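Q: First to last, the sequence lines map onto chains A and B. Numbered per this note's numbering, the first sequence spans residues 1 to 290. Numbered per this note's numbering, the second sequence spans residues 1001 to 1318. Pasting a structure below so you can have a look.
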Amino acid sequence: MEAFLLQVLSGVTNGGIYAAVGLALVMIYQSTHHINFAQGEMATFATYIAWALIQVGLPYWIAFAATLVIAFAGGVALQRIILRPVEKAPVLTNVIVFIGLLVIFNAVSGMLFDHTIKVFPSPFPKEGMLISKYFSGHQLGSTLVTLTVLVCIFSFLRFTPIGLAMRAAALNPDSARLVGIKVSWMLAIGWGFAAAVGSVAGMMVAPIVFLDPNMMSGILLYGFAAALLGGIDNPWGSVVGGLIVGVLENLLGAYVIGTELKLTVALVLIVAILTIKPDGLFGKTVVTRV
Amino acid sequence: MNQLNRWPVWVIFGLGLLLLPFLIKDFRVFQLSLMLIYAIALLGLNILTGYGGQISLGHGAFYAIGGYCAAILMDRFGLPYMATIPVAAAVCFVAGILMGFPALRLGGHYLALATFALALAMPQLLKFKHFESFTGGVQGIILMKPTPPIEFSLFGQPLSEDRWLYFMVLAVTVIMFVIARNLLEGRIGRAIVAVRDQPIAAGALGVNLAVTKTITFGVSAAFTGVAGALGAITVAFVAPDSFNVFLSISFLVGVVVGGLASIPGAIFGAAFIQFVPNIADQISKSAPWAVYGVFLIALMYLAPNGIMGIINRRRRST
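Dropping the structure here:
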């Protein structure tokens, strides 16, 4: 029983990270109907920036905040410079551009920070009041941080005028433009948030899996599964999906198939969701008019 | 008329291809063989993506399946190397059909996503310990290069293993290109393109959408599987980590550079992914990928139809 609880709790920690990656994917999908294949490498790159800032001597949380700002600006810049010209292009063009970005971020991470595996510090104490045999300090802290970030994003979208404009732009771009919302800029801000949320996921997972240029590829796969399970156009769904996928992954790993086939589990999950229930648990059914 | 006048060009081109391996070093011959192999794989991906309009980011997985098929059959069952190629094609055809079923329900992004997941999961599956008696696990399988059946020299160069392999690969490449041409320029090819461009109209005209899409996926996977088998024979080694997601991405790069929906484009694309990394590698380990990425994005802006698109535009304007 105790071992089971342990697996579930550690699943929740992973789930928080998958939820963050899933949310980043959903934020871009919702407004542009594109799946950002480069999300994982963008997050890895941001984590490298954080690592470099910490190496320079900045305290962890200042480096953390600086990375969020840099990731946000980077996301906005990417959308304005690279993706805006192909906004209306066919799906294939967009997928190719995303794959191009993936490859470039991966290569640049490798070039600037070389391919050796790096240890990324965890800001959370190893011992303390709340830390028990069920939680390590990092697990507890990382879950709290990801959940805080998610709550911040939701509050922003729900309670601020810019959040409202962003939702309007995603829901109905034409009408939004008619009432004076700069739809294209709203997409760019969405990109910024996605990049920032992704970077949080990267910084939280790096102490566990160590930092190397391919760090996020497996996590991205689980992020995809999370986003799909929750319904790829539903931000709340992606959070719930992330937690479910995280717990499921840990339980399957511990009791059914072992840890060697984790990526295959994600593959099976993705294909199964897409074939059985492509709208996910909370997604809208897409109806095409012919 | 035009067709008739061109035959001397083809004869010279053919002779050149036959004599070329005796004019260069063994290692260069090996690289040329690999380039031809990539051309077959790109042709396969192009049937699916260029003609069929279905996006696959996971063709490296079919290349891996083909390669492992050939390696296991040769290593564990002692099959002659040429006999493994049709088997690899058949196995990959079935694997492609299986992947084609979800593809029927999913368009565009979702298919890209599912195949991307396949590419990421493939190395792990190949390492799985319960298959280890077949796949050799992390170590992979080491093969023997086939020995040439005859001995002779030309320009003072013997018919070495690599040169012999080159001729085998060349023969298979020619066969595969002829098959692809006949397939794509005939009724089936028109059906594939019709399903891509106007699915509703195609359906109304009696094209079975589901069957056409599934078969396209199967054929595409079979082509790539043949390439994988030839690759395994030529390199004489297979290991899980050589079939990672970046292999699939380089196939995509090759198709985009060569030109979507163009048969000869596959050759240019293959030359690009075979030789550009070699050149860029001298700058740094990561440079080839940075070059790939920049090419992918730049081509999407400047020449969405790749090298063949540029050539065709020139031809039309003159």
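Just so you know, even glycine gets a beta-carbon here, dropped at the ideal spot from N, CA and C. All values derive from a computational prediction rather than experimental measurement.
(1) Ordered along the chain, which non-local residues of its own chain (more than five positions away) have a Cβ less than 6 Å from that of Trp1164/B?
(2) Just to confirm the assignment: which complete alpha helix (DSSP H) runs, minimum length 4, are found wholly within the segment 218–288 of chain A?
(3) Could you check how far apart the C-beta atoms of Ala196/A and Leu68/A are, in whole angstroms? I think they sit under 8 Å.
(4) By alpha-carbon positions, which one of Leu269/A, Phe135/A, Phe282/A and Val209/A ends up nearest to Thr1115/B?
(5) Reducing DSSP to helix, strand and coil, say where Ser1056/B ends up.
(6) In three-state DSSP terms, what is Leu1017/B?
(7) Using a Cβ-Cβ cutoff of 9 Å, what residues of the segment 1166–1189 of chain B are near chain A? List them in chain order.
(8) Any chance the segment 1216–1233 of chain B sits against the segment 1087–1102 of chain B, with 3 or more Cβ pairs inside 8 Å?
(9) Buried or exposed for Met1001/B, going by 16 or more other Cβ atoms inside 10 Å?
(10) Would you verify that the beta carbon of Ser184/A is, or is not, closer than 8 Å to some beta carbon of chain B?
(11) Which residue from Gly253/A, Gly230/A and Ser10/A puts its Cα closest to that of Val240/A?
(12) According to DSSP, is Val1238/B helix, strand or coil?
(13) Looking at C-alpha atoms only, which residue of Leu1125/B, Gly1100/B, Gly1066/B and Ile1055/B is the closest neighbour of His1109/B?
(14) Could you tell me the alpha carbon to alpha carbon distance between Arg1028/B and Leu1034/B, rounded to whole angstroms?
(15) Going by DSSP, what residues sit across from Pro1158/B in a beta bridge?
(16) In chain B, which residues lie with their C-beta within 9 Å of the C-beta of Ile49/A?
(17) In whole angstroms, what separates the C-alpha of Leu243/A from that of Ala71/A?
(18) Please check if any C-beta of chain A sits within less than 8 Å of the C-beta of Val1245/B.
(19) Please determine, among Ser109/A, Ile104/A, Phe124/A and Asn94/A, the residue with the shortest C-alpha to C-alpha distance to Ala1112/B.
(20) Look at the alpha carbon of Trp1010/B and the alpha carbon of Phe1022/B, and state the distance between them as a whole number of angstroms.
(21) Taking only the alpha-carbon atoms, compute the straight-line gap between Thr1216/B and Val1245/B and give it to the nearest angstrom.
(22) Spatial neighbours of Met27/A within its chain, please: C-beta separation below 6 Å, excluding the five flanking residues on both sides.
(23) According to a CB-to-CB cut-off of less than 8 Å, which residues of the segment 271–282 of chain A neighbour chain B?
(24) Would you decide whether Cys1069/B is buried or exposed? Buried here means 16 or more other CB atoms lie within 10 Å of its CB.
(25) Using three-state DSSP, classify Leu1042/B as helix, strand or coil.
(26) Whose CA, out of Thr275/A, Asn234/A, Val8/A and Val183/A, lies closest to the CA of Arg80/A?
(27) So is Gln1198/B buried or exposed if we call it buried at 16+ other beta carbons inside 10 Å?
(28) How about Ser978/B and Asp1026/B: are their beta carbons less than 8 Å apart?
(29) Could one say the Cβ of Thr285/A lies closer than 8 Å to chain B's Cβ atoms, at least one of them?
(30) Would you say Val1256/B lies against chain A (beta-carbon separation less than 8 Å)?
(31) Assign Arg1314/B to buried or exposed, taking buried as 16 or more other Cβ atoms, counted over all protein chains shown, within 10 Å of its Cβ.
(32) Select from the segment 81–97 of chain A all residues with a C-beta closer than 9 Å to any C-beta belonging to chain B, and list them in chain order.
(33) Taking C-beta to C-beta, are Gly202/A and Ala43/A nearer than 8 Å?
(34) Nearest by alpha-carbon distance to Ser238/A: which of Gly110/A, Gly283/A and Arg177/A is it?
(35) Given a cut-off of 8 Å, decide if Phe224/A and Leu25/A are closer than it, judged by their beta-carbon atoms.
(36) Pair every Cβ in the segment 1178–1187 of chain B with every Cβ in the segment 1034–1053 of chain B, then say whether three or more of these pairs are closer than 8 Å.
A: This is what the structure gives:
(1) Excluding sequence neighbours, Trp1164/B sits near Pro1148.
(2) Segments of the alpha helix (DSSP H) lying fully in the segment 218–288 of chain A: 235–251 and 262–276.
(3) The C-beta separation of Ala196/A from Leu68/A comes to about 5 Å, placing the pair in contact by the 8 Å criterion.
(4) Closest by C-alpha distance to Thr1115/B, out of Leu269/A, Phe135/A, Phe282/A and Val209/A, is Leu269/A.
(5) Here DSSP, grouped into helix, strand and coil, assigns Ser1056/B to coil.
(6) Here Leu1017/B sits in helix by DSSP.
(7) Listed in sequence order: no entries.
(8) Counting Cβ pairs under 8 Å, three or more are found: they touch.
(9) Residue confidence is low: Met1001/B scores 43 on pLDDT, short of 50, so the model does not pin down where it sits. No coordinate-derived value is stated.
(10) Output row for Ser184/A: interface = no.
(11) Val240/A has its Cα closest to that of Gly230/A, out of Gly253/A, Gly230/A and Ser10/A.
(12) Here Val1238/B sits in strand by DSSP.
(13) Nearest option by C-alpha distance: Ile1055/B.
(14) When rounded, the distance between both Cα atoms is 10 Å.
(15) Pro1158/B pairs with Ser1153/B.
(16) Listed along the chain, the chain B residues whose CB falls inside 9 Å of the CB of Ile49/A amount to none; the nearest CB is some 17 Å away.
(17) Those two C-alpha atoms are separated by around 24 Å.
(18) Residue-level contact check: Val1245/B touches chain A, since one or more beta carbons of chain A fall below 8 Å from its beta carbon.
(19) Out of Ser109/A, Ile104/A, Phe124/A and Asn94/A, the CA that lies nearest to the CA of Ala1112/B is found in Asn94/A.
(20) Put simply, the backbone Cα of Trp1010/B is about 20 Å away from that of Phe1022/B.
(21) If I take the Cα positions, the gap works out to 22 Å.
(22) Only Gly190, Phe193 and Ala194 meet the Cβ criterion.
(23) Of all residues in the segment 271–282 of chain A, Val271, Leu274, Thr275 and Pro278 have a Cβ within less than 8 Å of some Cβ in chain B.
(24) In this structure Cys1069/B is buried. Its beta-carbon is surrounded by 16 or more other beta-carbon atoms within 10 angstroms.
(25) In the structure shown, Leu1042/B sits in a helix (DSSP, three-state: H, G or I).
(26) For the set Thr275/A, Asn234/A, Val8/A and Val183/A, the Cα lying nearest the Cα of Arg80/A is the one of Val183/A.
(27) With fewer than 16 Cβ atoms within 10 Å of its Cβ, Gln1198/B is classed as exposed.
(28) Not covered by the structure: residue 978/B. The range shown for chain B is 1001 to 1318.
(29) False, the Cβ-Cβ gap to chain B never drops below 8 Å.
(30) Taking CB atoms only, Val1256/B has a neighbour in chain A less than 8 Å away.
(31) By the neighbour-count rule (16 or more Cβ atoms within 10 Å), Arg1314/B is not buried but exposed.
(32) Closer than 9 Å at the C-beta level to chain B, one finds these residues of the segment 81–97 of chain A: Ile82, Pro85, Val86, Ala89, Pro90, Val91, Leu92, Thr93, Asn94, Val95, Ile96 and Val97.
(33) Closer than 8 Å, so yes.
(34) Nearest option by C-alpha distance: Gly283/A.
(35) For Leu25/A and Phe224/A, yes; Cβs fall inside 8 Å.
(36) Segment contact: the segment 1178–1187 of chain B against the segment 1034–1053 of chain B, three or more CB-CB distances shorter than 8 Å; contact assigned.
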